[in-house]
Amino acid sequence: ELQEGLQVRVWGSLSCYAKQGRYQIVVKTVEALSKGNLYLEFEKLKKKLEAEGLFVPEHKKPIPAYPQRIGVVTSPTGAAVRDILSVLKRRSPHLEILIAPVLVQGDEAAPQIAQAIADLNRFKPALDVLLVGRGGGSIEDLWAFNEEVVARAIFKSKIPVISCVGHEVDFTIADFVADLRAPTPSAAAELVVKNSQNTQDYIKQLQKRLLQSVSLFYERAKRRYDLCINSRVFAHPETITQNKEQDLDELNARLENAWKEKLNNFSHRFKLAQGQLSALGPQAVLKRGYSITRKRDGSVISRVNQTAPGETVYIQVQDGMIHTTVK
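Letter 190 of the sequence shown, counting from 1, is numbered 383 in my numbering, and no numbers are missing.
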């Protein structure tokens, strides 16, 4: 199979395309002389790290289901960061995102990427997950993610790492070491967060099922109670013996205990679901000490260049609104 950078010897017929003055060769046979240098380096490092156990599933950290703080290691000017931010904003706008700007190709890229991963691991409060990657390119463009220093930085990370390098057909050493590999940067953003609307819909469905279950349980209990009340024994109390009275008391006690236990279980599940929804809301972010800055028209300010000196802005905190002027 032909690979980029592969040295080959070919046999064929040489001809001249007179109209454009170009020579061309029609190849009949191809013989590989040696594998390309980059391909050889890739295979050598892959075998080395695999032998050390850096790829084994047991070392993979689980990706959190509902991350609140996400770190992104990529170029600040590339298409990858725009794709990631676009998806995250659309699917879950309340998330806190920290971008570590780095070079993603060239001699300085690999050390910068490794250092950024280490720095984000020391960041407080701790991040929930890291996205490490870049957009597509040639094997040379993506080579920083095949460097050993990057692979070891990903392996040492205490925070789960999702690699998102190039396109779906591109594979790097970083992909093998990462806790999860995404085919593209935008796909990584989709994998790391669930759609907030989907979560709300799920909680509403859970609430509906909970109410239906409680209603069904109540109706069944009521039918059983009515059957007991209308039975022959109750119609003719003189037939009830002391033992039967005791049995009925025990039955009522069991019914009451079962009802309370069932209701408590449903109430607990509902509170858990309600807590998950609350954790996804912007108010929860405010309670953790963060704020939201808005313009007079209510739009959110996310960049410095969205304001001008002298402009009045409104800072929303947990217990109110602060008015201030940009200087």
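All C-beta atoms in this analysis are idealised placements derived from N, C-alpha and C, irrespective of residue type, glycine included.
- Of the residues Asp321, Glu383, Ala344, the one whose Cα lies closest to the Cα of alanine 367 is Ala344.
- An exposed status is given to valine 362, since fewer than 16 other beta-carbon atoms sit within 10 Å of its beta-carbon.
- Closest option to leucine 444, judged by alpha-carbon separation, among Leu281, Ala414, Gln213: Ala414.
- Distance from isoleucine 310 to alanine 337 at the Cβ level is roughly 12 angstroms; contact not present, criterion being Cβ atoms closer than 8 angstroms.
- Using a 10 angstroms sphere on the CB of phenylalanine 316, the tally of other CB atoms stays under 16, which defines it as exposed.
- Only residues of its own chain outside the window of five on either side were considered, and among them Ser208, Tyr210 have a CB closer than 7 angstroms to the CB of glutamine 217, listed in chain order.
- CA-to-CA, the gap between glycine 474 and methionine 514 works out to about 18 angstroms.
- Under DSSP, the beta-bridge partners assigned to histidine 516 are Tyr507.
- Close CB contacts of glycine 264 within its chain, under the 6 angstroms cut and outside five residues either way in sequence, are with Leu291, Leu313, Leu320, Leu323 (chain order).
- A check of alpha carbon separations from threonine 486 across Ser471, Gln469, Val506, Ala501 identifies Val506 as the nearest.
- Taking the Cβ atoms as the reference, arginine 327 lies roughly 5 angstroms from alanine 273, within the contact range of under 8 angstroms.
- Taking 8 angstroms as the upper bound for CB-CB distance, isoleucine 256 and isoleucine 355 are in contact here, some 7 angstroms apart.
- With a contact defined as Cβ atoms closer than 8 angstroms, leucine 456 and valine 407 qualify at about 7 angstroms.
- For valine 493 and asparagine 339, the gap between their C-alpha atoms comes out near 39 angstroms.
- In the three-state reduction of the DSSP assignment, valine 343 falls in the helix class, which pools H, G and I.
- Judged by DSSP secondary structure, tyrosine 210 falls within the beta strand (DSSP E) whose first and last residues are 200-210.
- Per DSSP, isoleucine 332 is not a residue of any alpha helix (DSSP H), being assigned neither H nor E.
- Serine 206 places its beta carbon 8 angstroms or farther from that of valine 280.
- Measuring C-alpha to C-alpha distances from valine 220 to each of Leu233, Leu441, Trp204 identifies Trp204 as the nearest.
- Note that the C-beta distance between valine 478 and glycine 503 is not below 8 angstroms.
- Glycine 482 has its alpha-carbon roughly 16 angstroms from the corresponding atom of serine 471.
- According to the DSSP assignment, leucine 291 belongs to the beta strand (DSSP E) that extends over 289-294.
- Residues of the same chain with a CB within less than 7 angstroms of the CB of valine 358, apart from the 5 flanking positions on each side, are Gly326, Arg327, Leu335, Phe338, Thr365, Ala367, Asp368 in chain order.
- The beta carbon of alanine 466 sits closer than 6 angstroms to those of Ile396, Leu399, all from its chain and outside the five residues before and after it, given in chain order.
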